[in-house]
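**Q** Heads up: the protein sequence lines correspond to chains C and L, in order.
For what it's worth, the working numbering labels the leading residue of the first sequence as 1121, then goes sequentially.
For what it's worth, the working numbering labels the leading residue of the second sequence as 436, then goes sequentially.
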Amino acid sequence: MAALLQVKDLKAYYGQTQALHGVSFEVADGGITTLLGANGAGKTTTLRAICNMVRNEGSIQFDGKSLAGKATEEVVRQRIAHVPEGRGTFTTLTVEENLRIAAYTRGDKAGISQDLERVFAYFPRLKERIQQQAGTLSGGEQQMLAVARALMLRPRLMLLDEPSFGLAPLIVQEIFRIMRRINSEEKVSMLLVEQNAALALDLADYAYVLETGGVVMADKASVVKSDENIRKSYLGY
Amino acid sequence: MEQFFQQLASGLANGAIYACVALALVMIYVSTDHINFAQGEMAMFSTYLSWQLMTWGASFWIAFIAAVALSFLLGLIIERAILRPLHSAPVLSIVVVFIGLLAICNAVAGAIWSYLIKEFPSPFPKTGFGIAGLIGPHQLGVVVVTLVVLTLLFFFFRYTPLGLAMRAAAQNPQMSRLVGVRVDWMLALGWGLAAAVGAVAGIMVAHIVYLDPNMMGGILLYAFAGALVGGIGNPGGAVLGGFIVGVLENMVAFAGNQLEKATGVYIIGNGEKLTVALIIVITVLTLRPAGLFGRVVVKRV
Chain C
1121 MAALLQVKDL KAYYGQTQAL HGVSFEVADG GITTLLGANG AGKTTTLRAI CNMVRNEGSI
1181 QFDGKSLAGK ATEEVVRQRI AHVPEGRGTF TTLTVEENLR IAAYTRGDKA GISQDLERVF
1241 AYFPRLKERI QQQAGTLSGG EQQMLAVARA LMLRPRLMLL DEPSFGLAPL IVQEIFRIMR
1301 RINSEEKVSM LLVEQNAALA LDLADYAYVL ETGGVVMADK ASVVKSDENI RKSYLGY
Chain L
436 MEQFFQQLAS GLANGAIYAC VALALVMIYV STDHINFAQG EMAMFSTYLS WQLMTWGASF
496 WIAFIAAVAL SFLLGLIIER AILRPLHSAP VLSIVVVFIG LLAICNAVAG AIWSYLIKEF
556 PSPFPKTGFG IAGLIGPHQL GVVVVTLVVL TLLFFFFRYT PLGLAMRAAA QNPQMSRLVG
616 VRVDWMLALG WGLAAAVGAV AGIMVAHIVY LDPNMMGGIL LYAFAGALVG GIGNPGGAVL
676 GGFIVGVLEN MVAFAGNQLE KATGVYIIGN GEKLTVALII VITVLTLRPA GLFGRVVVKR
736 V
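1) Which residues, taken in chain order from the region 635-658 of chain L, show a beta carbon closer than 8 Å to some beta carbon of chain C?
2) What does the alpha-carbon distance come out to for the pair residue 599 of chain L and residue 1250 of chain C?
3) Where residue 628 of chain L and residue 597 of chain L are concerned, what is the direct C-alpha to C-alpha distance, given to the nearest angstrom?
4) How close, in whole Å, do the beta carbons of residue 442 of chain L and residue 686 of chain L come, if the pair is a contact with beta carbons under 8 Å?
5) Is residue 1342 of chain C helix, strand or coil when you go by DSSP?
6) Answer yes or no: do residue 631 of chain L and residue 440 of chain L have a C-beta to C-beta separation smaller than 7 Å?
7) Counting C-beta neighbours from all protein chains within 10 Å, is the total for residue 582 of chain L 16 or more, i.e. buried, or is it exposed?
8) Tell me the start and end of each unbroken alpha helix (DSSP H) in the region 631-693 of chain L that is at least 4 residues and wholly inside, in chain order.
9) What residue from L:560, L:607, L:619 and L:580 has the CA that sits closest to residue 430 of chain L's CA?
10) From what residue to what residue does the alpha helix (DSSP H) around residue 481 of chain L run?
11) Residue 1330 of chain C bridges to which residues according to DSSP?
12) Got a sec: is the Cβ-Cβ distance from residue 617 of chain L to anything in chain C below 7 Å?
13) Step through the CB atoms of chain C and report whether any lies within less than 7 Å of the CB of residue 516 of chain L.
14) Note down the Cα distance separating residue 482 of chain L from residue 502 of chain L, rounded to an integer number of angstroms.
15) Say whether chain L places a C-beta atom closer than 7 Å to the C-beta of residue 1208 of chain C.
16) Which residues in the same chain have their Cβ closer than 8 Å to the Cβ of residue 736 of chain L, if we skip the five residues on either side of it in sequence?
17) With residue 1152 of chain C and residue 1324 of chain C assumed to form a contact (beta carbons below 8 Å), what rounded beta-carbon distance in angstroms separates them?
18) Quick one: what's got a C-beta closer than 6 Å to residue 1272 of chain C's C-beta in the same chain, skipping five residues either side?
19) Quick check on DSSP: helix, strand or coil for residue 1269 of chain C?
20) Which residues, in chain order, does the region 581-603 of chain L contribute to contact with chain C at a C-beta distance below 7 Å?
21) Answer yes or no: does any C-beta atom of chain C fall closer than 7 Å to that of residue 508 of chain L?
22) Report the rounded CA-to-CA distance for residue 1232 of chain C versus residue 1269 of chain C, giving the unit in angstroms.
23) According to DSSP, is residue 522 of chain L part of a helix, a strand, or is it coil?
24) Sort out for me which residues DSSP pairs residue 1182 of chain C with in a bridge.
25) Tell me which residues share the same chain as residue 1139 of chain C and place their Cβ nearer than 6 Å to its Cβ, disregarding the 5 neighbours each side in the sequence.
26) Using a Cβ cut-off of 7 Å (strictly closer), state whether residue 628 of chain L contacts chain C.
27) Quick one: what does DSSP say residue 443 of chain L is sitting in, helix, strand or coil?
28) How would you list, in chain order, the residues of chain L whose beta-carbon sits under 7 Å from the beta-carbon of residue 1308 of chain C?
29) Cα separation between residue 1346 of chain C and residue 1321 of chain C?
30) Would residue 533 of chain L and residue 473 of chain L be called neighbours here (beta carbons separated by less than 7 Å)?
31) Beta carbons nearer than 9 Å to chain L: which residues of the region 1211-1223 of chain C have them?
32) Between residue 453 of chain L and residue 658 of chain L, which are expected to be in contact by the criterion C-beta below 8 Å, what is the C-beta distance as a whole number of angstroms?
33) My parser needs the beta strand (DSSP E) runs of 3 or more residues fully inside the region 548-594 of chain L; what are they?
34) Excluding the 5 residues flanking residue 568 of chain L on each side, which residues of the same chain have their C-beta closer than 8 Å to its C-beta?
35) Does residue 1144 of chain C come out as helix, strand or coil in the three-state DSSP assignment?
36) Who are the near neighbours of residue 721 of chain L in its chain, counting only those whose CB is closer than 8 Å to its CB and skipping five residues on each side?
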């Protein structure tokens, strides 16, 4: 499969501190790649660098075009949807407004209404809460809202930053099941950052393990999963 | 009794002006956390622009629309040229810039148009408009025009995609970028709209307070009081707060006059209107810092 996203020798900085020391990886078109690693390994920073939210250098190719130097807003307009750490809920807006804002860059009214219905088919619970202020939703519902909002962009690639964070296991299972459906039914490629390695390896087809800002290993998810040494030394389970 | 209603009506007319300026203040506050002290002087400058257009022969409403549009542009340019480079500057630097802006607007207006007080026309017909003995034509006109403007703004923010994007950008700029909203431009647009709303207030009030470079000084204070009463982070609250302050100051003066008539002792009257506004500011800040309709924002540190 051809690579949709190709990252080479990515370095990122917070002020004077270098957080990524040359990370390289790929996301196949239609595939799910996961970045694993402990706290501070640079997973979130990698996602943020792709959207140019931190100072970075190196090569980021999306669908054969370079994203280097593009402002966050412009990266997103290439149909890359970022579901950030902490869910990024617009707390004072309603659920519907939270979804509509993601379609802001599109002009087609009919398509937007259609997409709202499509998204509600995945997340019926959000439809029940459509006029509610998003800040009053539970954590799980806000995570669903974040994934739903990303879908409203009609993304080709979704960047997911710890969608399982702080949620009850049942909710996490539900969200991951929906993500798998989105991937297979809508052919949305995904780059998934997770602390919960077992869960991520089940969903992903390729995995990279990060440690202190660099890739220490890369292989098929099934291989990583079955390799006890890797699991014990890097993934802690 | 008739006097009471007259005072109430004139309070509403003043309140409409305060509501506009309060809304302008809040529009910038919600997206930047700063109070634009120059808002009043910018409105004064816009009023001079409309006056200039009228002396060049434009009709009132043409001058009104042109001045509001020009103010929108000027507000936009001020944000892009002056405040954009300062977006990560400390609060005090920005406060100083606002004060500088205030002084510049004032001085430039004085230099171009002089500090002489000028009469400003009212566009509303002297007869057949207003309700005799209750509300004068200009007062009624002010209320109507500001209500129209406020309603338009409400619909813009509530029901248009651009309005939604502006609200989103104010609430969560980082996430807004992640859905493709050009946050910087939303800020500039907010400045433009605030300047335009201020211009409406200035042009409407100039007939009452007369045109001079210091005309908006007191009004900015009242508007600030209104915004605080309603909740500085709540546009609807600020508008209501503006009306409340307008009515309240007139009611206090009215009550004072009645008291003086009844007892012969002067306690409070027209001279103390500004004091009333300041007392409102202090009371609200001490008793209910979030305002009547505001929510207490808890910041995680």
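Even for Gly, the Cβ is constructed at its ideal location relative to N, Cα and C.
Please read these numbers as outputs of a predicted model, since none were measured by experiment.
**A** Working from what's here:
1) none
2) 16 Å
3) 13 Å
4) 7 Å
5) Correct three-state label for residue 1342 of chain C: helix.
6) no
7) exposed
8) 652-665
9) No statement about residue 430 of chain L is possible, as the shown extent of chain L runs from 436 to 736 and does not include it.
10) 474-490
11) Paired residue(s): C:1335.
12) yes
13) no
14) 7 Å
15) yes
16) Residue placement at residue 736 of chain L is flagged as unreliable, the pLDDT there being 48, under the threshold of 50; a coordinate-derived value is accordingly withheld.
17) Right, their Cβ atoms sit about 5 Å apart.
18) 1219, 1222, 1223 and 1235
19) helix
20) 596, 599, 600, 602 and 603
21) For residue 508 of chain L, the answer is no, since every Cβ of chain C falls outside 7 Å of its Cβ.
22) 12 Å
23) coil
24) In the DSSP assignment, the residues bridged to residue 1182 of chain C are C:1125 and C:1185.
25) 1132, 1162, 1165 and 1333
26) no
27) In the structure shown, residue 443 of chain L falls within a helical segment according to DSSP collapsed to helix, strand and coil.
28) In chain order: nothing, as chain L lies at least about 16 Å away.
29) 10 Å
30) yes
31) 1211, 1212, 1213, 1217, 1218, 1220, 1221, 1222 and 1223
32) So it is a contact: roughly 5 Å between Cβ atoms.
33) Within the region 548-594 of chain L, no complete beta strand (DSSP E) run reaches 3 residues.
34) 437 and 441
35) strand
36) none
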